[in-house]
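Visitor:
4 protein chains.
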Amino acid sequence: MTEAAGREFEYRVRVPYAHTDQMGVVYYANYLVYFEMARAAMLREVGLPYGELEKQGLALPVIEASCLYKHPARYDDEVRVASRCLLAGPRLRVDYVLTCGQTLVATGFTVHACVAPGGKVVRPPPLLCRLTAP
Amino acid sequence: MTEAAGREFEYRVRVPYAHTDQMGVVYYANYLVYFEMARAAMLREVGLPYGELEKQGLALPVIEASCLYKHPARYDDEVRVASRCLLAGPRLRVDYVLTCGQTLVATGFTVHACVAPGGKVVRPPPLLCRLTAP
Amino acid sequence: MTEAAGREFEYRVRVPYAHTDQMGVVYYANYLVYFEMARAAMLREVGLPYGELEKQGLALPVIEASCLYKHPARYDDEVRVASRCLLAGPRLRVDYVLTCGQTLVATGFTVHACVAPGGKVVRPPPLLCRLTAP
Amino acid sequence: MTEAAGREFEYRVRVPYAHTDQMGVVYYANYLVYFEMARAAMLREVGLPYGELEKQGLALPVIEASCLYKHPARYDDEVRVASRCLLAGPRLRVDYVLTCGQTLVATGFTVHACVAPGGKVVRPPPLLCRLTAP
């Protein structure tokens, strides 16, 4: 994350039974689902719901995802996802910090390409700057 | 659902991308996840969070689940789940009605056994009557 | 299931950690995923892979699903899914029996509509009879 | 991946409908499920099924996961997962290469701690060397 990273968005998700595994904790792939939910909430919050972007022909496919697991979240925990967005050349990067109360659960990031109608990879269009404006 | 069914509980869930499939709608198994989320919210609402019940040794494993699919929910839809609970002899039954705005999305039910510490199947303990009190 | 039900198809799936929950068993919604995998294998086996049907404009959306849970499957179990197909008027019904070794795990069924190009609900086309031929 | 990385293991998984999303491709979190399936197969292949390790009190929780998405896998694709294991001090690292036919789908890795009975983090026990022996 750099100084250029935008404002922080917050999303909260309660862990369903469906997301636990037999170790009694959230199965590791499900944190990427929480990333996605936080991303969707972030886009909605700036007036750019992802479903609308798709209808306009803009897609933001994930080209990289990474997660560091610090302390497992458990069933019924309310996980807070703080996310920040960074426009880096032709890419969009989102950083996530997941906490439960005072406990750091995980950190991670996703990197996205911007794909315009017809499948052409483009630079992030100006309207996405709403994500990074302070 | 019978007259004896208890009060209606309401839960709302927004469809994540994770739950869609290539038909562009919610994948059919995920409605059972929404049932579970609604059940958990119902139990929490009457002061019996499922995690607490489990810690006390009480489990409510699903022994039957059924869903009728009426009209598909889609990405980013806010699905409303109305649920009602019925204590039927040794079983607990929960009925669900899923709607998006005015559209009926699905109906369904789950039937649960009550398992006490040690794995013994028991009749629903009195505290579960909170679910059915009007 | 009726006498008219077709031949039995067999599919085997090994339970991944992803499908377990904190009770140490397969989360209940995942059995519907095993139904789907068995259905796909069945269609592939008679030369009608579902992806091909979709490309020809034929979809088989689920309009009902039901599952009776008998004995939980666990991590790394190899679950055998026996499925049989029944063409019932405008509907396609598939029945499933899930076992682990000699243990009955679950039974269930799904009911499907047949949707032709343009979204019109049609009777199951003749080629689907391959599913029920003995 | 280094020269010290062990032999290559191979696992094949067919993409179910459950794993697709409305973009018509495998939802990004599901690649981590394929990583897990490949890991489980690798352990089974060297005679150390993960379920057995857990029964002996050894757990290999994921502390980091990363994936680079190259070309999306689609419904019914058979994805080949090649995995290699590396014992790096107190950590176990597994690298994955996912392909469909000649197409590179994704690469990624997971890093695991070794947790002994009682929750103590330990160095990988000697029996895990079977994973890296040529």
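So the protein sequences, as listed, match chains U, G, V and Z. For the first sequence, position 17 matches number -1 in my numbering, and the numbering has no gaps at all. For the second sequence, position 34 matches number 16 in my numbering, and the numbering has no gaps at all. For the third sequence, position 108 matches number 90 in my numbering, and the numbering has no gaps at all. For the fourth sequence, position 111 matches number 93 in my numbering, and the numbering has no gaps at all. No residue lacks a Cβ here, since even glycine has one placed at the ideal position from N, Cα and C. All figures in this text were calculated on a predicted structure; none of them were measured in a lab.
Is Thr66 (chain V) close to chain U? Criterion is C-beta to C-beta, closer than 9 angstroms.
Guide: The question names Thr, but residue 66 (chain V) in the sequence shown is Arg. It does not; no Cβ of chain U falls within 9 angstroms.
Visitor: According to DSSP, is Ala70 (chain V) helix, strand or coil?
Guide: Strand at Ala70 (chain V).
Visitor: Express the C-alpha separation of Arg105 (chain Z) and Gly6 (chain Z) in angstroms, rounding to a whole number.
Guide: Going from the Cα of Gly6 (chain Z) to the Cα of Arg105 (chain Z) covers about 42 angstroms.
Visitor: Skipping 5 residues on each side, what residues in its chain have a beta carbon closer than 8 angstroms to that of Leu86 (chain Z)?
Guide: Cβ neighbours of Leu86 (chain Z) beyond the five flanking positions: Lys52, His53, Val79, Leu80.
Visitor: Which residue's Cα is closest to the Cα of Phe(-9) (chain V): V:Arg73, V:Leu25, V:Val8, V:Val15?
Guide: Here the closest residue by C-alpha is V:Leu25.
Visitor: In chain order, what residues of the same chain lie with their CB nearer than 8 angstroms to the CB of Leu42 (chain U), ignoring the 5 residues before and after it?
Guide: Hits under 8 angstroms: Tyr32, Leu35, Leu74, His94, Ala95, Cys96, Val97.
Visitor: Would you mind reading off the limits of the alpha helix (DSSP H) that contains Ala23 (chain V)?
Guide: Residues 12 to 27.
Visitor: Can you give me, in chain order, the residues of the region -5 to 16 of chain Z that have a beta carbon less than 9 angstroms from any beta carbon in chain U?
Guide: The residues in question are Gln4, Met5, Val7, Tyr9, Tyr10, Ala11, Asn12, Tyr13, Leu14, Val15.
Visitor: What's the gap between the Cα of Ser65 (chain U) and the Cα of Gly71 (chain U)?
Guide: Each residue's alpha carbon lies about 19 angstroms from the other.
Visitor: Taking the alpha carbon of Thr92 (chain U) as the point to measure from, which residue in U:Val61, U:Gln4, U:Glu46 has its own alpha carbon closest?
Guide: If we check each option's Cα against that of Thr92 (chain U), U:Glu46 comes out closest.
Visitor: Could you check whether the Cβ of Tyr78 (chain G) sits closer than 9 angstroms to any Cβ belonging to chain V?
Guide: Not closer than 9 angstroms to any Cβ of chain V, the Cβ of Tyr78 (chain G) fails to qualify, so no.
Visitor: Please classify Gly83 (chain V) as buried or exposed, where buried requires at least 16 other C-beta atoms within 10 Å of its C-beta.
Guide: With fewer than 16 Cβ atoms within 10 Å of its Cβ, Gly83 (chain V) is classed as exposed.
Visitor: Go to Gly33 (chain V), then tell me how far its alpha helix (DSSP H) extends in each direction, as first and last residue.
Guide: Per DSSP, Gly33 (chain V) belongs to the alpha helix (DSSP H) from 32 to 37.
Visitor: Would you grab the beta carbon distance between Val63 (chain U) and Ala55 (chain U) for me? Rounded to a whole angstrom, and I think it's under 8 angstroms.
Guide: Contact doesn't hold; Cβ gap of about 11 angstroms is too wide.
Visitor: Anything in chain G within Cβ reach of Tyr57 (chain Z), meaning under 7 angstroms, just list it in chain order.
Guide: Under the 7 angstroms cutoff, chain G gives Gln4.
Visitor: CA-CA distance, Leu30 (chain U) and Asp59 (chain G)?
Guide: Spanning the two alpha carbons is a distance of roughly 15 angstroms.
Visitor: I'd like to know if Tyr51 (chain G) contacts chain V, where contact means its C-beta is closer than 9 angstroms to some C-beta of that chain.
Guide: So, interface residue.
Visitor: How about Pro107 (chain G) and Leu40 (chain G): do their beta carbons lie closer than 9 angstroms?
Guide: Going by C-beta atoms, Pro107 (chain G) is nearer than 9 angstroms to Leu40 (chain G).
Visitor: In three-state DSSP terms, what is His1 (chain Z)?
Guide: Of the three classes helix, strand and coil, the one that applies to His1 (chain Z) here is helix, per DSSP.
Visitor: Among the residues of its own chain, which have a CB less than 8 angstroms from the CB of Arg112 (chain U), if the five just before and after it don't count?
Guide: Closer than 8 angstroms at the Cβ level, and outside the excluded window around Arg112 (chain U), lie Val28, Gly29, Leu30.
Visitor: Flag Pro107 (chain U) as yes if its beta-carbon sits less than 9 angstroms from any beta-carbon of chain G, otherwise no.
Guide: No - not a single Cβ of chain G is within 9 angstroms of the one on Pro107 (chain U).
Visitor: According to the neighbour-count rule (16 or more other Cβ atoms, all chains shown, within 10 Å of its Cβ), is Leu109 (chain Z) buried or exposed?
Guide: So Leu109 (chain Z) counts as exposed.
Visitor: Counting only C-beta atoms, is Gly33 (chain Z) closer than 9 angstroms to chain V at any point?
Guide: Interface residue, yes.
Visitor: Who are the Cβ neighbours of Leu50 (chain U) in its own chain at under 8 angstroms, not counting the five residues just before and after it?
Guide: These residues qualify, in order along the chain: Ala88, Thr89, Gly90.
Visitor: Could one say the Cβ of Ala98 (chain V) lies closer than 9 angstroms to chain G's Cβ atoms, at least one of them?
Guide: No, Ala98 (chain V) lies away from the interface with chain G (no Cβ there is under 9 angstroms from its Cβ).
Visitor: By how many angstroms is the C-alpha of Pro116 (chain U) removed from the C-alpha of Tyr13 (chain V)?
Guide: Each residue's Cα considered, the two are about 46 angstroms apart.
Visitor: Distance check for Arg21 (chain Z) and Val44 (chain Z), CA to CA, integer angstroms please.
Guide: In a straight line, the C-alpha of Val44 (chain Z) is about 11 angstroms away from that of Arg21 (chain Z).
Visitor: Got a sec? Which residues, its chain only, sit under 8 angstroms from Arg(-4) (chain Z) by beta carbon, not counting five neighbours each side?
Guide: Result list for Arg(-4) (chain Z): Asp58, Asp59, Glu60, Val61, in chain order.
Visitor: Please report the straight-line C-alpha distance between Asp3 (chain G) and Gln38 (chain Z), rounded to a whole angstrom.
Guide: Distance between the alpha carbons of Asp3 (chain G) and Gln38 (chain Z) is about 39 angstroms.
Visitor: Whose CA, out of V:Ala0, V:Val8, V:Val76, V:Tyr16, lies closest to the CA of Tyr(-7) (chain V)?
Guide: Residue V:Tyr16 is the option with its Cα nearest to Tyr(-7) (chain V).
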